[in-house]
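Position 86 of the sequence shown, counting from 1, maps to 374 under the working numbering, and the rest follow consecutively.
Heads up, the beta-carbon is just placed ideally off N, CA and C, and yes, glycines get one too.
Source: prediction; values computed, not measured.
Written out below as C-alpha cells is the structure these notes cover.
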Amino acid sequence: MRFYSEFNDKMILRDYLALDRTILANKRTILAYFRTFIGLVASGTGMIKLVATPVITVIGYVFIILAFPLMITGIIEFLRVSRSLSRIVKTNE
289 MRFYSEFNDK
299 MILRDYLALD
309 RTILANKRTI
319 LAYFRTFIGL
329 VASGTGMIKL
339 VATPVITVIG
349 YVFIILAFPL
359 MITGIIEFLR
369 VSRSLSRIVK
379 TNE
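In C-alpha cells, the structure reads:
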C-alpha cells in the first residue's frame, strides 16, 4: 500500500486510490484462482476415492488435471498485471 503524503503532478489522490484498488483486486483474483484450484483438486480426489464407478473416476482425474493449468494461468495473469502496475508506479514516482 502506498501512503498518500507525497504526490506528484502526474497523478492525483484519486489516481493513487484507484491504483491501490486495482492492486487489491489483482490479489483477490489470484486468491480466487487458488480457491478454484483447491476446489477442483479436492473434488477430483473425492470423486476418485469415494465413488467407485469408472465414469466418476475419469471425471475426478479430469478435475485434477484441469486444476493445474488453471492455477498456472492465474499465476501468469497475476504476474503480468503486477508488472504492469509496478511500471505505472515507477513512472509516476
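Closer than 8 Å is the cut-off here; do at least three beta carbon pairs connect the segment 356-376 with the segment 339-348?
no
Please classify ALA355 as buried or exposed, where buried requires at least 16 neighbouring CB atoms within 10 angstroms.
buried
Taking contact to mean 3 or more Cβ pairs, one atom from each stretch, closer than 8 Å, check whether the segment 349-365 and the segment 300-311 are in contact.
no
Beta-carbon proximity list for LYS298, same chain, < 7 Å, skipping 5 on both sides:
Result list for LYS298: ASN380, in chain order.
Over what stretch of residues does the alpha helix (DSSP H) that includes ASN314 continue unbroken?
301-338
State yes or no: is the C-beta of TYR321 within less than 8 Å of the C-beta of ILE336?
no
Cα-Cα separation between ALA330 and THR324, rounded to whole angstroms
10 Å
Please classify THR341: does DSSP put it in a helix, a strand, or coil?
Taken through DSSP and simplified to helix, strand or coil, THR341 comes out as coil.
For LEU312, does the count of other Cβ atoms within 10 angstroms reach 16, so buried, or fall short, so exposed?
Here LEU312 is exposed: its Cβ has fewer than 16 other Cβ atoms, across all protein chains shown, within 10 Å.
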